[in-house]
Amino acid sequence: MKIASWNVNSVKARYDRLSQWLKSARPDVLCLQELKTQEDSFPFESFEELGYNAAVYGQKTYNGVAILSREQPVQIERGFGDEDPQARMIAATIAGVRVVSVYVPNGQEIGTDKHAYKLRWLKRFTEYLEENFTPRKQLLVCGDFNIAPDDIDVAHPDAWAESVLCDPAGRAAVAKIREWGLVDVFRHQHPDAAAYSWWDYRRLSFPKNDGLRLDYILATSRLAKKCTATSIDRDARKGEKPSDHTPVFAEFDL
DNA sequence: ATGGCATAATTGTTATGA
19 MKIASWNVNS
29 VKARYDRLSQ
39 WLKSARPDVL
49 CLQELKTQED
59 SFPFESFEEL
69 GYNAAVYGQK
79 TYNGVAILSR
89 EQPVQIERGF
99 GDEDPQARMI
109 AATIAGVRVV
119 SVYVPNGQEI
129 GTDKHAYKLR
139 WLKRFTEYLE
149 ENFTPRKQLL
159 VCGDFNIAPD
169 DIDVAHPDAW
179 AESVLCDPAG
189 RAAVAKIREW
199 GLVDVFRHQH
209 PDAAAYSWWD
219 YRRLSFPKND
229 GLRLDYILAT
239 SRLAKKCTAT
249 SIDRDARKGE
259 KPSDHTPVFA
269 EFDL
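For what it's worth, my numbering labels the leading residue of the first sequence as 19, then goes sequentially.
Right, here's the structure in full:
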């Protein structure tokens with residue numbers, strides 16, 4: 019199973035690029051984040067024509083997550099089933115694997131209400147994992163975590179040290195998710211790679227490769243053992259009207 | 001020190017992202 023995760027920064031604004039990319043990359047599963055649209059205006063039919071089913075948890079203007087899959091996704095779960103008003107998590111079972119697409123809150127700046135919400139959300143997500151799974155299950159958590167796990171995941175760590183993307187509390191929260199029993203499969207396969215998944219639209223960040231690795235695929239060890247390849251598709255950040263994020267890949271021999 | 005760029009709500013401006 020070839021799976022990818024991509025924060026597309028509006029599924030409607032990105033539709034042409036997204037469909038072209040699907041035609042050439044042909045993943046079995048694609049986790050999407052930042053749809054910025056409701057389910058009633060999600061382009062289900064267009065994805066169907068490309069051979070993909072869609073499980074969607076939409077929201078107007080902000081957030082929104084989805085899972086596209088060639089095989090029909092089942093047991094679809096939208097959100098944690100509590101009062102979180104933001105559409106940031108969707109789960110579905112595909113080929114016996116529980117797949118979760120997450121869009122972790124950005125947090126704006128350390129010390130703000132948004133930062134507190136980010137940390138609360140990560141804690142809630144950890145509880146969700148603890149309550150619903152064991153590390154022995156076949157589970158994948160894919161998405162935009164809005165945290166660069168370590169300094170190796172940042173082109174210029176000093177410049178980003180005070181950023182909410184490198185916040186020690188946020189890093190600790192993501193580390194706790196890994197410690198529960200999830201492996202960052204890209205980092206596991208490429209321990210020394212300086213590779214990024216997000217570049218600011220401003221300041222010529224992409225041509226300068228001033229990026230951060232904020233998007234990743236986490237797998238329980240049972241699945242991580244079956245991981246045959248991982249990569250980041252830097253080319254998808256090039257050209258006209260790109261998302262500020264680029265897709266990340268993992269392949270599993272199930 | 002600030003803004004820089006992009007998107008969606010709308011049509012002039014704001015909220016948010018990372």
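For glycine and all other residues, C-beta sits at the position ideal for the given N, C-alpha and C.
Identity of the residue in the options nearest residue i by Cα
{"i": "Arg189", "options": "Ala179, Ala177, Val201, Asp168", "result": "Asp168"}
{"i": "Arg240", "options": "Pro265, Phe270, Pro186", "result": "Phe270"}
{"i": "Phe224", "options": "Asp210, Asp131, Asp253, Ile235", "result": "Asp253"}
{"i": "Asn275", "options": "Glu63, Gln90, Glu57, Phe62", "result": "The structure shown does not extend to residue 275, since the chain is modelled only from 19 to 272, so the question has no answer here."}
{"i": "Arg220", "options": "Asp131, Glu197, Asp262, Leu183", "result": "Asp262"}
{"i": "Val74", "options": "Glu67, Ser87, Leu68", "result": "Ser87"}
{"i": "Thr264", "options": "Gly229, Ser215, Thr238", "result": "Ser215"}
{"i": "Glu258", "options": "Gln38, Lys20, Met19", "result": "Gln38"}
{"i": "Arg154", "options": "Tyr33, Asp210, Trp198, Gln126", "result": "Trp198"}
{"i": "Gln77", "options": "Leu157, Asn27, Thr152, Leu222", "result": "Asn27"}
{"i": "Lys194", "options": "Glu180, Thr130, Glu148, Arg205", "result": "Glu148"}
{"i": "Gln104", "options": "Ser249, Glu63, Arg138", "result": "Arg138"}
{"i": "Val118", "options": "Asp100, Phe65, Arg96, Lys256", "result": "Arg96"}
{"i": "Leu222", "options": "Arg196, Ala242, Arg255", "result": "Arg255"}
{"i": "Ala242", "options": "Gln156, Gln90, Glu66", "result": "Gln156"}
{"i": "Arg205", "options": "Leu68, Ser249, Gly114", "result": "Ser249"}
8 Å Cβ cutoff met for residue i and residue j
{"i": "Ile108", "j": "Val47", "result": "no"}
{"i": "Lys54", "j": "Thr79", "result": "yes"}
{"i": "Ile85", "j": "Cys49", "result": "yes"}
{"i": "Val266", "j": "Leu200", "result": "no"}
{"i": "Ala22", "j": "Ala43", "result": "yes"}
{"i": "Pro260", "j": "Arg35", "result": "yes"}
{"i": "Ile235", "j": "Val192", "result": "no"}
{"i": "Leu232", "j": "Ala166", "result": "yes"}
{"i": "Asn124", "j": "Lys136", "result": "yes"}
{"i": "Ala237", "j": "Ile170", "result": "no"}
{"i": "Asp228", "j": "Trp217", "result": "yes"}
{"i": "Lys226", "j": "Leu272", "result": "no"}
Cβ shell of residue i (< 6 Å), same chain only, five flanking positions each side left out
{"i": "Gln51", "result": "Asn25, Val83, Tyr121, Gly161, Asp162"}
{"i": "Ile128", "result": "Val182, Asp185"}
{"i": "Val92", "result": "Thr111"}
{"i": "Pro175", "result": "Asp169"}
{"i": "Lys20", "result": "Pro45, Asp46, Glu269"}
{"i": "Val172", "result": "Ala166, Trp178, Leu230"}
{"i": "Phe151", "result": "Leu157"}
Residue(s) in a DSSP beta bridge with residue i
{"i": "Cys245", "result": "Phe270"}
{"i": "Thr111", "result": "Val92, Arg116"}
{"i": "Tyr75", "result": "Val83"}
{"i": "Val47", "result": "Ile21, Ser87"}
{"i": "His133", "result": "BP columns for His133 are empty, so no partner."}
{"i": "Ala237", "result": "Leu158, Val201"}
{"i": "Ile250", "result": "Val266"}
{"i": "Tyr121", "result": "Asp162"}
Cut-off 8 Å between Cβ atoms - residues of its own chain near residue i, not counting five sequence neighbours on either side
{"i": "Ala247", "result": "Gln207, Phe267, Ala268, Glu269"}
{"i": "Lys30", "result": "Lys54, Thr55, Ser59, Pro61"}
Any non-hydrogen atom of the ligand NAP closer than 7 Å to residue i Cβ
{"i": "Leu272", "result": "For the structure depicted, the ligand NAP is absent and the ligand set is empty, with no information on it obtainable."}
Neighbourhood of residue i by C-beta, 7 Å cutoff - its chain only, sequence neighbours within 5 removed
{"i": "Phe98", "result": "Met107, Arg142, Tyr146"}
{"i": "His133", "result": "Gly125, Gln126, Glu127, Val182"}
Every unbroken beta strand (DSSP E) within the region 149 to 232, with a cutoff of 3 residues, ordered by chain: 157 to 162, 200 to 202
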